[in-house]
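Participant: According to this note's numbering, the residues represented by the sequence shown are 15 to 327, in order.
Here it is, the structure in full.
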Amino acid sequence: MIGELGIAIPLAAICVLVSAFCSGTEVALFSLRRVDRDQLSRSELWVDKQILKVLERPRRLIATVLIGNQAFNSLLAVIVLAVVIRWQPVDGGVAAWWAIGGIALAIALPLIVLISEVTSKTLAAKMPLFWARVCVAPLSLFAVIVTPIRVVLQTMTEIVLRPLGEKVRTRPARDLSQEEFRSLLDAGSAQGQVDASERRLIHRVFEFSDKNVGQVMTPRERIFALSYDLSMQRMMKEIAGRGFSRVPIYQKSLDNVRGILNAKDLVRTAAGQPLGRPLVELLHEPLFVPRTTPIKRLFLTFKQKKVHMAIVV
15 MIGELGIAIP LAAICVLVSA FCSGTEVALF SLRRVDRDQL SRSELWVDKQ ILKVLERPRR
75 LIATVLIGNQ AFNSLLAVIV LAVVIRWQPV DGGVAAWWAI GGIALAIALP LIVLISEVTS
135 KTLAAKMPLF WARVCVAPLS LFAVIVTPIR VVLQTMTEIV LRPLGEKVRT RPARDLSQEE
195 FRSLLDAGSA QGQVDASERR LIHRVFEFSD KNVGQVMTPR ERIFALSYDL SMQRMMKEIA
255 GRGFSRVPIY QKSLDNVRGI LNAKDLVRTA AGQPLGRPLV ELLHEPLFVP RTTPIKRLFL
315 TFKQKKVHMA IVV
């Protein structure tokens with residue numbers, strides 16, 4: 015019995031590790047970011063070129079991984095079942111077989127789920143490029159070995175899917191994330207392809223878009239606003255001295271903004287042109303936003319409402 019365990023345990027460990035290898039490699043390869051793929055495409059290493067070659071045939075990759083997973087998971091279950099039967103021979107009826115099967119399942123299932131699936135996929139997702147580089151060579155060799163089985167399975171799959179009208183489509187390339195863009199920007203700067211000042215400017219744009227209104231608004235004490243009670247001549251003089259094209263108009267205090275005045279409308283009215291209207295008709299409805307509003311959302315609101323100024327409340 016001890017001698018048999020000495021063989022069964024290493025075999026079971028190999029099955030668990032190979033299954034974990036297959037599961038992790040699949041996650042690692044499909045988790046590679048566009049930045050990683052760009053890095054691989056510029057590399058002259060065989061392993062990096064092989065990763066890209068494997069990714070060019072996703073159906074082949076998935077079929078290979080599934081074959082490895084199912085084969086070694088099944089082999090693990092057989093080994094565990096054999097050990098349990100050897101340890102506790104079946105001398106009863108159907109109930110005894112169910113008991114033996116339950117014991118084997120209780121041993122094999124945690125090994126498969128915790129090690130072969132959860133642990134391996136979690137590690138692969140955290141460091142996909144490293145995992146892919148380590149595993150792509152043995153995966154490629156395994157893909158060659160199981161080619162006959164894979165071809166049969168793919169053919170059977172196509173036969174099943176054809177009547178259903180299913181067509182395998184490649185997943186469209188996802189948009190470049192902000193972090194990936196920043197990584198590409200830093201890489202370009204390090205290689206001298208992006209000027210340092212341009213890099214800083216673009217980073218500031220991203221940093222600005224990540225802020226909320228309260229972080230970038232003009233402080234209350236620095237706001238240029240005019241009282242509704244001022245004469246048009248006084249308003250024109252004040253606006254001309256400051257050079258603003260749009261000015262908040264308040265009544266009694268800044269807490270009561272009645273509207274936004276466009277300097278061009280004021281000039282036309284003061285000049286007595288046909289477009290002249292009373293001051294109250296010149297005011298545009300103010301846009302009030304909370305100070306916690308994200309800058310991105312505010313810019314979208316500006317675009318939708320075709321306005322250029324907001325009052326933070």
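All C-beta atoms, glycine included, are put in the ideal place defined by N, C-alpha and C.
In this text the structure is predicted, and so the values were computed from the model without any measurement.
May I have the straight-line CA-CA distance separating Asn-270 from Asn-226, to the nearest angstrom?
Facilitator: Distance between the alpha carbons of Asn-270 and Asn-226: 23 angstroms.
Participant: Note down the Cα distance separating Ala-324 from Ser-245, rounded to an integer number of angstroms.
Facilitator: Going by the C-alpha atoms only, they are around 24 angstroms apart.
Participant: State whether the segment 54-65 contacts the segment 136-150, with contact taken as three or more CB pairs (one from each stretch) at a distance under 8 angstroms.
Facilitator: Judged by Cβ distances under 8 angstroms, the segment 54-65 makes contact with the segment 136-150, as three or more pairs qualify.
Participant: Look at the alpha carbon of Ser-33 and the alpha carbon of Val-127, and state the distance between them as a whole number of angstroms.
Facilitator: Distance between the alpha carbons of Ser-33 and Val-127: 10 angstroms.
Participant: How many Å lie between Val-132 and Ala-42 at the Cα?
Facilitator: Rounded to the nearest angstrom, the two C-alpha atoms are 13 angstroms apart.
Participant: Using only the alpha-carbon positions, how far apart do Pro-304 and Arg-260 sit?
Facilitator: Answer to the nearest angstrom: the Cα atoms are 20 angstroms apart.
Participant: Please work out which residues of its chain come closer than 7 angstroms, Cβ to Cβ, to Val-321, disregarding the five sequence neighbours upstream and downstream, and give them in chain order.
Facilitator: Excluding positions up to five away in sequence, the list reads Leu-301.
Participant: Along the chain, where does the beta strand (DSSP E) that runs through Asn-276 open and close?
Facilitator: Taken as a continuous stretch (DSSP letters only), the beta strand (DSSP E) holding Asn-276 covers 267-276.
Participant: Determine contact between the segment 74-82 and the segment 151-167, defined as no fewer than three beta-carbon pairs at a distance below 8 angstroms.
Facilitator: Touching, per the Cβ criterion.
Participant: Could you pull out every residue in the same chain whose Cβ sits closer than 6 angstroms to the Cβ of Cys-36, ignoring the five residues on either side in sequence?
Facilitator: Excluding positions up to five away in sequence, the list reads Val-79, Gly-82, Asn-83.
Participant: Three Cβ pairs or more, each shorter than 8 angstroms: is that satisfied between the segment 239-253 and the segment 214-225?
Facilitator: As far as the Cβ criterion goes, the segment 239-253 does not touch the segment 214-225, which means the pair count is below three.
Participant: The alpha helix (DSSP H) spanning Lys-140 covers which residue range?
Facilitator: Start and end: 134-140.
Participant: In the DSSP assignment, find the alpha helix (DSSP H) that holds Ala-85 and state where it starts and stops.
Facilitator: Start and end: 72-101.
Participant: Between Thr-283 and the ligand PLP, is the CB less than 7 angstroms from at least one heavy atom?
Facilitator: In the structure on display, the ligand PLP does not appear, and there are no ligands present to speak of.
Participant: For the candidate residues Thr-306, Glu-299, Val-68, Ala-201, whose alpha-carbon lies nearest to that of Pro-152?
Facilitator: Out of Thr-306, Glu-299, Val-68, Ala-201, Val-68 has the C-alpha closest to the C-alpha of Pro-152.
Participant: Does Ile-237 come out as helix, strand or coil in the three-state DSSP assignment?
Facilitator: Coil, per DSSP.
Participant: Beta carbon of Ala-138, beta carbon of Val-94: below 8 angstroms?
Facilitator: Contact: no.
Participant: State the beta-bridge partners of Phe-302 as determined by DSSP.
Facilitator: Phe-302 is bridged to Ile-325.
Participant: Shortest alpha-carbon distance to Ala-122 belongs to which of Trp-101, Leu-89, Ser-154, Ile-65?
Facilitator: Out of Trp-101, Leu-89, Ser-154, Ile-65, Leu-89 has the C-alpha closest to the C-alpha of Ala-122.
Participant: Can you list, in chain order, the residues of its chain whose CB lies under 6 angstroms from that of Leu-314, leaving out five sequence neighbours each side?
Facilitator: Counting only Cβ-Cβ distances below 6 angstroms, and skipping sequence neighbours, we find nothing.
Participant: What residue does the alpha helix (DSSP H) around Lys-67 start on, and which one ends it?
Facilitator: Per DSSP, Lys-67 belongs to the alpha helix (DSSP H) from 60-69.
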